[in-house]
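Residue numbers (this note's numbering): 1 to 160.
Structure (structure tokens):
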């Protein structure tokens with residue numbers, strides 16, 4: 001069962017895309033049947049979460065309202081013009097980094113001062129992802145130990 005919800009939002013000129021998948025679904029429904037936690041399901045969800053975190057995308061863009069649209073602009077999502085955005089894609093597995101730098105961010109362009117902001121967001125995002133991966137790894141190790149402990153307890157209980 002795979003369910004994926006994509007949430008798009010904007011924060012400080014940053015386009016943020018969040019995918020909600022199996023991990024959140026399983027965690028949300030953990031004790032829904034009141035039979036307790038199923039550690040195997042949690043471990044599987046963590047494995048899927050780790051595999052799913054392959055690419056990190058950071059986009060900084062400056063929107064320019066169209067004078068032709070008037071109030072209609074408020075009711076629709078604007079797509080950034082390529083010259084008005086900086087876009088970075090980092091493959092977390094093989095380390096490939098792709099950058100798109102719009103013409104308005106180059107040299108003495110009107111948005112040149114936002115280059116450093118974008119680079120700081122890239123650096124901060126990489127650090128956050130690294131910490132998140134380490135945390136997920138620790139949680140997975142704990143769950144494996146709990147699962148082993150439960151199996152050992154069940155095996156020793158069945159001997160009597």
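For every residue, glycine included, the Cβ atom is placed at its ideal position computed from N, Cα and C.
These numbers come from a predicted model, not from an experiment.
Touching by the beta-carbon criterion (3+ pairs, under 8 Å), the stretch 112-126 and the stretch 78-91: yes
In whole angstroms, give me the CA-to-CA distance for residue 146 and residue 93. Position 146 of the chain shown, counted from the first residue, corresponds to residue 146. Position 93 of the chain shown, counted from the first residue, corresponds to residue 93. Looking at the two C-alpha atoms, the distance is approximately 28 Å.
Using the C-alpha atoms, what's the distance from residue 40 back to residue 153? Taking the first residue of the chain shown as position 1, residue 153 is located at position 153. Taking the first residue of the chain shown as position 1, residue 40 is located at position 40. Spanning the two alpha carbons is a distance of roughly 16 Å.
Where does residue 60 land, buried or exposed, given buried means 16+ other C-beta within 10 angstroms? By 1-based counting over the chain shown, the position of residue 60 is 60. Buried is the call here.
Just verifying my parser: in three-state terms, what is the DSSP assignment at residue 94? The residue you call residue 94 lines up with position 94 of the chain shown. Coil at residue 94, not helix or strand.
Report all residues from its chain with a CB closer than 8 Å to the CB of residue 55; omit the five preceding and five following residues, and keep chain order. Here residue 55 is taken as the residue at index 55 of the chain shown, counted from 1. Correct list, in chain order: 89, 90, 91, 92.
N-terminal and C-terminal residue of the beta strand (DSSP E) that residue 64 is part of: For the purposes of this step, residue 64 is identified with residue 64 of the chain shown, where counting begins at 1. No beta strand (DSSP E) holds residue 64; DSSP gives it neither H nor E.
Determine the burial state of residue 49: buried for a count of at least 16 other Cβ atoms within 10 Å of its Cβ, exposed for fewer. By 1-based counting over the chain shown, the position of residue 49 is 49. The residue in question, residue 49, is buried, as its Cβ has 16 or more Cβ neighbours within 10 Å.
Cβ neighbour criterion (16 or more within 10 Å) applied to residue 130: Position 130 of the chain shown holds residue 130. The residue in question, residue 130, is exposed, as its Cβ has fewer than 16 Cβ neighbours within 10 Å.
Could you check the C-alpha separation between residue 141 and residue 100 for me, to the nearest Å? On the chain shown, residue 141 is found 141 positions in, with the first residue counted as 1. On the chain shown, residue 100 is found 100 positions in, with the first residue counted as 1. Using only the alpha carbons, I get a separation of about 38 Å.
Alpha carbon to alpha carbon, how far is residue 106 from residue 80? Counting from 1 along the chain shown, the entry for residue 106 is found at position 106. Counting from 1 along the chain shown, the entry for residue 80 is found at position 80. Residue 106 and residue 80: Cα-Cα distance of roughly 17 Å.
State the Cα-Cα distance for the pair residue 135 and residue 57, rounded to the nearest angstrom. What you label residue 135 is simply residue 135 of the chain shown in a count that begins at 1. What you label residue 57 is simply residue 57 of the chain shown in a count that begins at 1. Roughly 21 Å separates the two Cα atoms.
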